[in-house]
Each structure stands twice: as C-alpha cells, then as structure tokens.
Amino acid sequence: MGRSKGDLVIFTGKRLVQLIAVLFGVVTITFFFTHVAIPNPCYVWSGPRATQAIIQDCIDKNDLDKPLLDQYVLYLGKLLSGDWSTSPRGVPVLPTILAAFPQTLELVLAALFLMVVVGIPLGVIAANNSGRWSDHLVRTFYLSGWATPTYLGGVVLSIAIGPLVGLPHSGNFGSIPSFPEPFHMSVLDALVNLDFPAVVDAIAHLILPATALAFINLGIATRMTRGSMLEVLPMDYVKTARIKGLSDFWVLYKHALRNSLISTVTVLGITAGSLLSTSVVIEEIFQWPGVGRYAFESIVKYNFNGTIGVVIFFAVGVVVANLIADILYGLLDPRVEWR
Amino acid sequence: MALTARSSSTRTEADANRQLSRVLAWIGQLRRGSRGLYRVLRANPLTLVGFALVVLLTLTAVALVIVPPISAAFGHPMSLTPYDPNALLPCPTVGNQSFCAQPPSLEHFFGTDRAGRDVFSRVLTALPLDLAIGFLIAGFALLTGGGLGLIAGFWDRPGTIGAAVSLTIMRITDVFLAFPSLVLALAIAASLGRGTIPSIIAILLTWWPYYVRLTRGEVLAVKHQPYVTAARAAGVAEWRILFRHVLRNIAEPLVVYFTMDVGTVLVVFSTISFIGIGVPPNVPEWGNMIQAYSDYLLIFPWVVAFPGLAIFVTVLAFSLLGDGLRDILDPRSRRALSQAETTTRAPAAAATAAGASG
Chain V
4 MGRSKGDLVI FTGKRLVQLI AVLFGVVTIT FFFTHVAIPN PCYVWSGPRA TQAIIQDCID
64 KNDLDKPLLD QYVLYLGKLL SGDWSTSPRG VPVLPTILAA FPQTLELVLA ALFLMVVVGI
124 PLGVIAANNS GRWSDHLVRT FYLSGWATPT YLGGVVLSIA IGPLVGLPHS GNFGSIPSFP
184 EPFHMSVLDA LVNLDFPAVV DAIAHLILPA TALAFINLGI ATRMTRGSML EVLPMDYVKT
244 ARIKGLSDFW VLYKHALRNS LISTVTVLGI TAGSLLSTSV VIEEIFQWPG VGRYAFESIV
304 KYNFNGTIGV VIFFAVGVVV ANLIADILYG LLDPRVEWR
Chain F
351 MALTARSSST RTEADANRQL SRVLAWIGQL RRGSRGLYRV LRANPLTLVG FALVVLLTLT
411 AVALVIVPPI SAAFGHPMSL TPYDPNALLP CPTVGNQSFC AQPPSLEHFF GTDRAGRDVF
471 SRVLTALPLD LAIGFLIAGF ALLTGGGLGL IAGFWDRPGT IGAAVSLTIM RITDVFLAFP
531 SLVLALAIAA SLGRGTIPSI IAILLTWWPY YVRLTRGEVL AVKHQPYVTA ARAAGVAEWR
591 ILFRHVLRNI AEPLVVYFTM DVGTVLVVFS TISFIGIGVP PNVPEWGNMI QAYSDYLLIF
651 PWVVAFPGLA IFVTVLAFSL LGDGLRDILD PRSRRALSQA ETTTRAPAAA ATAAGASG
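Going down the list, the protein sequences come from chains V and F.
If you're matching positions, the first sequence starts at 4 in the numbering used here and goes up one per residue.
If you're matching positions, the second sequence starts at 351 in the numbering used here and goes up one per residue.
Next comes the structure, spelled out in structure tokens:
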C-alpha cells in the first residue's frame, strides 16, 4: 500500500499545500518584524538633507501613513500580483532577484557537486578504516571545514590562495561574452554555445567561491556517508561480495555505497537550502553577482523591501529544496511509504 | 527545624542515614559518570583534545572576567591581558615614518595592528564575549526549543487540547525552519541598528526551531518504549514520567547537539560582526577584527590570522568534543568503537571493564 504513482502525486500536492502555509507565515513574520522595528524608514531613505515634502512623498508612495494591518493587507495583495515593491531608488525587487538567481543557483550547484565528489569518497574511506588513523584524519579535515567561518575561508581563498595559484578571485568577468546567454549561468551558457575557452574561463571563476561555500558543509556529506556505511558494511551481502573475491573498490562503491547513499542524498537536498543563506557572505567577498550579494546590499543600504523579498525568496528555496529531498528519499528508498 | 530535631532523636538518626545514603548514591553516580567520560576520552584521542581545549578556553575566559575585579578588591589591580585592548601604543618611527603594524615579537605575541593596538590583548579580551554568547544563545535555544519540543512530542493524543497546542507549536516551528536563518538574523540585526544586543536578539529569534524538531523526534521515539508504558501502568504521574523517564532518555542527543551548537552560534555571531552590523568597531570581537583587516591579509597577515585562528580553535574544540560524544552515544558507532577498543586493550582489562559496566 501507499506506493503507486498516484500516491506520489497526492504526497507532493499535500506538501505543496503545507508549503503555501509556511510561506504565508514567513511573509507575515518578516513583514511585521521589519515594520515594527522601523515604522518609518523614509527618514533613512531620503537622507539627512531631505525636505519635509520629499519625506511626505515617500510616505505616501509606500502607504506608510496607513494603519499597520492595512499596510499588511496591501503588501500581501501586491506580493500575490507579482509586484514585490521597489527599492528606495525605485528599482523593482522581484525582477532584480529573478535576474540574479541563476548565478546563485550555479554557485550552489557547483558547491553541491564539490561536496559530493570530495565528501562521499572521504566518508567511504573513513568508514572502511573506522577507528584507524585515516578515519581520524578525515574527521579532522571535515571538522576543520566546519570550524572555519565561511567569511574567513572566503577571505583567505580570495586574497591569499587565489592570486597564489593564479585563479581569478572575483566573479567579475573581464569581458562580456559575445554569445547569447539563455540560462544566465556562465558555465552552461558557454557549453551550449560550444565556446570551450569560455567554459574553462567560467569554471576558473567558479572554483574559488564554490570551494569556499562547500568547505564548511563538506562534513555533512562525509559524516552521513560514514555513518550509513558503518551500518551497511557488517551486513551479509557485503560480506558475500568480499568472499566472492571482488576488489575493495567494487565492494565499497558498487555494493555498499549504493545502499548508504539514500540518507546522504536527502541531507544534501536539505543542505542546498542552507547554502543559499551562506551565499550572502561568499557572494559579497567574491563580488559574485547573485541574490546573496543583492541581499547584502539591501541589508546594508536599509532597502527593506529588498530584504523582505530576499528572505521570502530564500524561504521558497529552502522549502522547495526540502520538498525535493523528501521526494528523492521516497523514490530512492523502496521501503518508504508516500503519505 | 531545630525544634523537631530535638523532639525525636530516632527520627534525626533516620534522617541522617537517609541523607548519608543519598550523598553516597550521588557520589556513586558522579563516579560512574566520570568513569563513562574517561572511557569516552580514552577511546578517541581527538575527543580528548576537544575536551581539554574546551576546559582550557572556558577557564581562561572565566579568569579573564573575574581576575581584574577580585585583584582590585585586594588592592593589587592586575589584568590578564598584557596591554589595554584599545590602547594605542606608541609606534616605532624610522625617520619621518612610523610603523604601527609590527609583526609578532616577544613584546607583542600576536603583533600590533595599524593603529598600534596589541593583537594578543584584543584576541584574549574577545574570548569571554564570544564564548558567553555561544553558551547563552545555544543554552536559551536548548531550553525554549527543547521545552516546546517536549510539549509537542509528549501531549499529542488526538482530540485533546494538548494535540491542538502541539500542532500549533509544530506549524510555527515549520515556518521558522523555512527561514534562511543567517539572512533573517542579518535583516533583524540591520533593522534594530548596529550593536551587540541587536545581533544577540537576532540569533536568539532564529535559533530555537531546530531544537523543537530534534526534541520532539526523540520524545516520539522514547514515549512508546515498554518502560514508559510500565511506569504509566504502575500509576506514575504524567509529569514524573516526563521528567524521570522521558527527559533522561532523550538528554544525550540534545547534549551532543548543544555542544556542537555553541561553536556554530559563535560563527554566526562573528559573521554578523564581519558584515559590519554587529558589535561596534571599538569592541574587540574576532569577526570584527578579521573584517577590519581582511584587505591587508597579505601585508599584515598576523592581524587577520590570529583572530581567525582563535575562532577556528574554539569552534574546532566544541565540534571535536560533540562529534566524539555522538560516536560514543550512538549505538551504531559504539559497536565499531568497542571493537577498536578491545583490539588495543589487554583482554584482562577489557574483561574488568565489561564487568564494571555490566
């Protein structure tokens, strides 16, 4: 029971309804928090030399003289109609975020790729040598990643390591690409246009920020893989595979890892959501033109509409990442029932 | 109290006996506990390192806070930092130029920054603040989130008020879990204005939800165990079941998570300072210090490296301790660990250890 295609649709539908409820809560809390903390940001926005008329104009334009509840209802209506308000300088919020998002997605995906490619083999090695020195070494490595604050790793990579190994340490490209950019992701766009020097250049730009983003969370993939491998390795089918005379590599990666990947994949999906948050610091350090940098600028420049916009947008990202993780978990593990 | 004691001597004796046995039981528990800790530390050298570092850092922080007022009260004011963390020390001059940023030397262990302030004193001064914030926020999250999770997990029989309450708690938690915590903390800190208190409030508000999830999950796993059912059948009061049977059995994962979380909170706090909306610039704080000199990393590496190292070591210490504790408390890894242990230990010692624990 509970494992037909229809059940998956119902499961996804239920989760989507929950998602909407959660997002409604996010919007409500963010709105009231920012508006109660600073009831009238017009004084900050208009600058110290603004006349009363300019401030009044700003108040009228943003409905700030209405009661808080009315403002809230107005804001909700505008949000639903796709008008996420504008920054103090009149730049609309939603189009800015949407334009910047592909770059952030590219960065997050690259970081996830690094976490998988480096983190999972390390976890396998640690589990296979549990309690020995290589296990301790792997543990020290991933814990030092965890213990390095993202900004410190970012600063060291961008200012010291980048110039040292000759990698570009800023997301700003030297030239504007001459080909069309359907995805707004530098690597993918260059690949689609078969412009291989541009692919190499784009990957080179991506390496340092993605490493900085991946380093702190490397431990999650490693630890999950190690834990579930420890669970799987004593099982009979692994022993059988060893007795059959299969090589270590074949036993570990083909037989054991396959079954222990389920939890790792799930955790990676959830991590993708938190990587969005971390990207704020990384994108600022590497001057990467994504949503994170927009968030940083909005926060520093008291652009409250922009800040609320990014918080809501990232909340959507987190919830969607969790949903994908749930569905993946259900698809990968045949024992899970879709409820 | 004195009157009742005089009125019946046999009763006092019984009281004293009870007191004595209680103290003995307590000592026994303490000894068992410390033996467990000792086993944990011996089994894994990295955990031992983490434990030693955590103790050392905590003691240093406490000493830094209490030594100046106590020594002043005794008439010999002394400070553990060699220099005043905000004092602008005279800079050595060569010709017309003065060189304020001095590399590490015997006089200044971590060198001085461009304003001529002693980096070692600043790193040391920041320790109590950063550590206290880590403990405070993680502790607050543990208490509120843990309490809410306990309620949501324990009183959820359908159709009761408890079920409605726990449903409400879980839905609100879901909302807060969906928040990108760093971004929200940054937004809150930015709208409350720059300062230490706003950044603490910002992290406090975003930090508790995960504890609700964790605690509720653990409670749900424990509350249908036979010993809980047995206690209920024996007529034990609900609150007593909650505290004596459920809480004690879910404490271990919470302690592990809390230990690692102290470091995480510290990193987030210093991130807010790094971005420039946290503590004011004159307050020594690790994130703050790194931000001020990050552009000079290649010219004056020591001004960035030592605060960075301080954060790294502190967070690493808590993670090593927490990670080791998890391995010990997690039955799956415990098996692997005990195998490793029995191979390294003499059989006789292993036998006595098994006898003592069994």
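Ideal placement from N, C-alpha and C gives every residue a C-beta, glycine not left out.
Small disclaimer: the values here were computed from a predicted structure and weren't measured.
So the candidates are the options; which of them puts its Cα closest to the Cα of residue i?
i        : options                                   : result
Phe104/V : Ala328/V, Phe316/V and Asn325/V           : Phe316/V
Val241/V : Lys257/V, Met227/V, Val158/V and Gln55/V  : Lys257/V
Ile627/F : Val605/F, Ala552/F and Ala364/F           : Ala552/F
Ile206/V : Ser263/V, Ala215/V and Leu170/V           : Leu170/V
Tyr607/F : Ala413/F, Pro530/F, Leu592/F and Ala488/F : Ala488/F
Trp48/V  : Lys69/V, Gly85/V and Thr89/V              : Thr89/V
Met227/V : Leu194/V, Asn262/V and Ser266/V           : Ser266/V
Pro91/V  : Gly276/V, Gly50/V and Leu108/V            : Gly50/V
Val665/F : Ala364/F, Leu403/F, Asp365/F and Asn367/F : Leu403/F
Pro152/V : Ile519/F, Gly543/F, Thr408/F and Leu659/F : Leu659/F
Leu97/V  : Tyr305/V, Asp336/V, Ile311/V and Phe34/V  : Ile311/V
Tyr560/F : Ile547/F, Arg521/F and His595/F           : Arg521/F
Lys64/V  : Arg52/V, Leu72/V and Tyr78/V              : Tyr78/V
With a threshold of 8 Å between beta carbons, is residue i in contact with chain F?
i        : result
Leu155/V : yes
Thr15/V  : no
Asn131/V : no
Leu326/V : no
Ile330/V : no
Pro152/V : yes
Leu125/V : no
Asp10/V  : no
Ala318/V : yes
Arg52/V  : no
Val313/V : yes
Met4/V   : Low local confidence applies: a pLDDT of 44 at Met4/V is under 50, so the model's placement there is unreliable, with the coordinate-based value given in what follows. It does not: the Cβ of Met4/V has no partner Cβ on chain F nearer than 8 Å.
Val168/V : no
His139/V : yes
Could you pull the start and end residues of the alpha helix (DSSP H) that residue i belongs to?
i        : result
Val121/V : Premise fails: Val121/V is in no alpha helix (DSSP H) and is neither H nor E.
Met232/V : Phe199 to Val235
Asp506/F : First-last for Asp506/F: undefined, no H or E at that position.
Met610/F : Leu597 to Ile625
Met520/F : Ile511 to Ala528
Cys61/V  : Gln55 to Lys64
Ala436/F : The question names Ala, yet the displayed sequence has Asn at residue 436/F. No alpha helix (DSSP H) holds Asn436/F; DSSP gives it neither H nor E.
Ser266/V : Leu260 to Phe289
Gly93/V  : Careful: Gly93/V lies outside any alpha helix (DSSP H) and carries neither H nor E.
Leu409/F : Pro395 to Ala423
Thr143/V : Trp136 to Ala150
Pro166/V : Gly165 to Val168
Ile550/F : Thr546 to Trp557
His426/F : Segment: none, His426/F is in no alpha helix (DSSP H) and carries neither H nor E.
Gln452/F : Neither: Gln452/F is in no alpha helix (DSSP H) and is coded neither H nor E.
Thr153/V : Thr153 to Val158
Is the Cβ of residue i closer than 8 Å to any Cβ of chain V?
i        : result
Phe662/F : yes
Ala540/F : yes
Leu396/F : yes
Ala402/F : no
Ser669/F : yes
Thr673/F : Rather than Thr, the amino acid found at residue 673/F in this sequence is Asp. So, interface residue.
Leu407/F : no
Gly545/F : no
Ala696/F : Model confidence at Ala696/F stands at a pLDDT of 38, short of 50, so the residue's coordinates are unreliable; what they give is reported in the following sentence. Not an interface residue.
Leu647/F : yes
Can you list the residues of chain F that residue i reaches, using a CB-CB cut of under 9 Å?
i       : result
Ile62/V : Neighbours of Ile62/V on chain F: none; closest Cβ ~18 Å, over 9 Å.
Anything in chain V within Cβ reach of residue i, meaning under 7 Å, just list it in chain order.
i        : result
Val653/F : The contacting residues do not exist; Val653/F stays about 12 Å from chain V at best.
Gly497/F : Going along chain V, no residue has its Cβ under 7 Å from Gly497/F, so there is no contact; the nearest lies around 21 Å.
Going along chain V, which residues have a C-beta under 8 Å from residue i?
i        : result
Thr621/F : Pro152, Thr153, Tyr154 and Val284
Applying a beta-carbon distance threshold of less than 8 Å, which residues of chain F neighbour residue i?
i        : result
Ser147/V : Phe662 and Leu666
I want to verify the contact list: residues of chain V whose CB lies under 9 Å from the CB of residue i, in sequence order.
i        : result
Ala537/F : Thr33, Phe36, Thr37, Ala298, Ser301, Ile302, Phe307, Thr310, Ile311, Val313 and Val314
So if I threshold CB-CB distances at 9 Å, which residues from the region 508-534 of chain F count as touching chain V? Arg521, Ile522, Asp524, Val525, Phe526, Leu527, Ala528, Phe529, Pro530, Ser531, Leu532, Val533 and Leu534
What residues from the region 624-639 of chain F come within 8 Å of chain V, judged by C-beta to C-beta, listed N to C? Phe624, Ile625, Gly626, Ile627 and Gly637
Residues in the region 593-615 of chain F with C-beta within 9 Å of chain V's C-beta atoms, listed in sequence order? Met610, Gly613 and Thr614
At a CB distance below 7 Å, what residues from the region 278-296 of chain V approach chain F? Give them in sequence order. Leu279, Ser280, Thr281, Val283 and Val284
Residues of the region 560-575 of chain F whose Cβ lies closer than 8 Å to any Cβ of chain V, in chain order: none
Could you please tell me which residues of the region 454-487 of chain F, in chain order, have their CB closer than 7 Å to any CB of chain V? none
Residues of the region 20-36 of chain V whose Cβ lies closer than 8 Å to any Cβ of chain F, in chain order: Gln21, Ala24, Val25, Leu26, Gly28, Val29, Ile32, Thr33 and Phe36
Tell me which residues of the region 413-434 of chain F have at least one Cβ-Cβ distance to chain V shorter than 9 Å, keeping chain order. none
What residues from the region 234-257 of chain V come within 7 Å of chain F, judged by C-beta to C-beta, listed N to C? Glu234
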